[in-house]
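Structure first, commentary second.
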Amino acid sequence: MLGLVENHSLTHSLPRTAAFFDLDKTVIAKSSTLTFGKSFYQGGLINRRAVLRTAYAQFVFLAGGADHDQMERMREYLSALCRGWNVQQVKEIVAETLHDLIDPIIYDEAASLIEEHHTAGRDVVIVSTSGAEVVEPIGELLGADRVVATRMVVGDDGCFTGEVEYYAYGPTKAEAIEELARSEGYDLSRCYAYSDSATDVPMLKSVGHPYAVNPDRALRREALAREWPILDFNRPVRLKQRLPSLSAPSRPALVAAAAAVGAAAATAGLVWYASRRRATAG
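Okay, so the sequence shown: first residue is 959 according to our numbering, each after it adds one.
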C-alpha cells in the first residue's frame, strides 16, 4: 500500500520500530465507545435516555471534530457516568458484542496498513483516549501488539470509583509513546503514527513518519503546513472477509496503559451535546 516493507537482511541490526494508530475514525469508522451504547443499555449500565444521547453524539462525532475544551469536559462527564459500573460486567458486554459491532466498521485500508507494518517487522500499537475495557479487545481483534488507553480507578468492590487514573489524550499520548520507545528500544525517527484529530499532533510530531488519516479541519491545516501525508480511509469491511489472519489472536500484548472504560462518552460529541442541553436549560 505505502511501500512499508523493509529489507530485513539490511535492517536486522537496526533499532526496533513501531506503528502507532489512533483508533476512532482512524482504524474504525465510528467511536469505539459510543458504538457500545445499546449494549451497555441492554446490560443495565445506562438508561434509554442515555442511549438516545449516545446515538446523537455518534452523529456529532462523525460530522465534526474534538477540540481541547470538549475533550476536557468529556473527562469530567466520563468520571460521573461510569461511577459504580462493575468492571467485569463491562468486559463481558464488550466481549459478547465485539465482533458484531466492531468487525464491520474496521477500515480496509487500516487493516492493510497493520498487515504491512507487521510484515516489515514493526510492532503495532493502538493509542486511544477510550478506555482499556473497550480498546484492549479491539486491539486483540486487530492483531495489535500493544495498547495505550485511558484507565480509571477500580475500587475494592470491583467497580469504577469515578476517578481517572490516566487520561490518554493529547500530550500524554506522546509521553506514552516516548516511554514505550525507551522500554522497547524503538527508534522513533523510524516509527510511524496515524491519527484523524488535531489533538494528536503531539503524537504525530514524536515520530519520523506521521500520517493524517481522515483529518479534521485543524489537523488538515497542520498536515498541509508540515507537509505530512494525508490519507483518506472510506472502506469499512469485515476482517474475516478480507484478511482472515487479522482475526486471529494477537501476539502477546504488553499493555502500556490499561484498565479503564471509555463508557458511552469517550468522544467530544457526547460532552458537547450534554453541555448544550445544560446551556439551553439555563
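Cβ coordinates follow ideal geometry from the N, Cα and C atoms, glycine included. Given the structure is predicted, the values throughout are model-derived calculations rather than measurements.
Query raised in the report: Using a Cβ-Cβ cut-off of 6 Å (strictly less than) and excluding sequence neighbours within five positions of Arg-1148, which residues of its own chain qualify?
Result: Within the same chain, Arg-1148 has close Cβ partners Thr-975 and Gly-1166.
Requested in this report: Let me know the alpha helix (DSSP H) ranges lying completely inside the stretch 1091-1160, each 4 residues or longer, listed in chain order.
Outcome: 1129-1142
Query raised in the report: Shortest alpha-carbon distance to Arg-1196 belongs to which of Asp-980, Phe-979 and Val-985?
Result: Val-985
Report task. Could you check the C-alpha separation between Ser-1042 and Gly-1120 for me, to the nearest Å? Result -> Correcting the residue identity first, residue 1042 is Gly in this sequence and not Ser. For Gly-1042 and Gly-1120, the distance between alpha carbons rounds to 7 Å.
Query raised in the report: Over what stretch of residues does the alpha helix (DSSP H) that includes Ile-1072 continue unbroken?
Result: 1066-1077
Requested in this report: Note down the Cα distance separating Arg-1209 from Glu-1094, rounded to an integer number of angstroms.
Outcome: Note on Arg-1209: pLDDT 40, under 50, position unreliable in the model; the coordinate value appears next. Rounded to the nearest angstrom, the two C-alpha atoms are 13 Å apart.
Requested in this report: Locate the beta strand (DSSP E) running through Val-1085, then write down its first and last residues.
Outcome: 1081-1089
Report task. Taking Val-948 as part of the beta strand (DSSP E), name the residues at either end of that continuous run. Result -> Any answer about residue 948 is impossible in this case: the structure gives the chain only from 959 up to 1240.
**Report entry** Expected contact under 8 Å - CB spacing of Lys-1131 and Val-1083 to nearest Å
**Finding:** Incorrect: roughly 10 Å between the Cβ atoms, too far for contact.
Query raised in the report: Which stretch, first to last residue, makes up the beta strand (DSSP E) that contains Phe-994?
Result: Careful: Phe-994 lies outside any beta strand (DSSP E) and carries neither H nor E.
Query raised in the report: Looking at the structure shown, is Phe-978 part of a helix, part of a strand, or coil, going by DSSP?
Result: strand
Report task. Quick one: grab the DSSP three-state call for Leu-1182. Result -> Under the three-state reduction of DSSP, Leu-1182 is assigned to helix.
Query raised in the report: Quick one: what does DSSP say Pro-1207 is sitting in, helix, strand or coil?
Result: Low confidence applies to Pro-1207: its pLDDT is 42, below 50, so where it sits in the model is not reliable, and the reading given next is rough at best. Note: Pro-1207 maps to coil in three-state DSSP.
Query raised in the report: What residue from Arg-1178, Arg-1184 and Phe-978 has the CA that sits closest to Ala-1151's CA?
Result: Phe-978
Query raised in the report: Taking DSSP as the reference, what is the three-state secondary structure of Leu-1020?
Result: Residue placement at Leu-1020 cannot be trusted, given a pLDDT of 49 that sits under 50; what the coordinates show is reported in the next sentence. Assigned with DSSP and collapsed to three states, Leu-1020 falls in helix.
Query raised in the report: Just how far apart, CA to CA, sit Lys-1163 and Ala-1176?
Result: 15 Å
Query raised in the report: Near Leu-981, what residues of its chain come up, given a Cβ to Cβ distance below 6 Å and the 5 sequence neighbours on each side ignored?
Result: Ser-990, Ile-1084 and Ser-1086
Query raised in the report: Which residue comes first and which comes last in the beta strand (DSSP E) that contains Pro-1168?
Result: Here the beta strand (DSSP E) through Pro-1168 covers 1167-1171.
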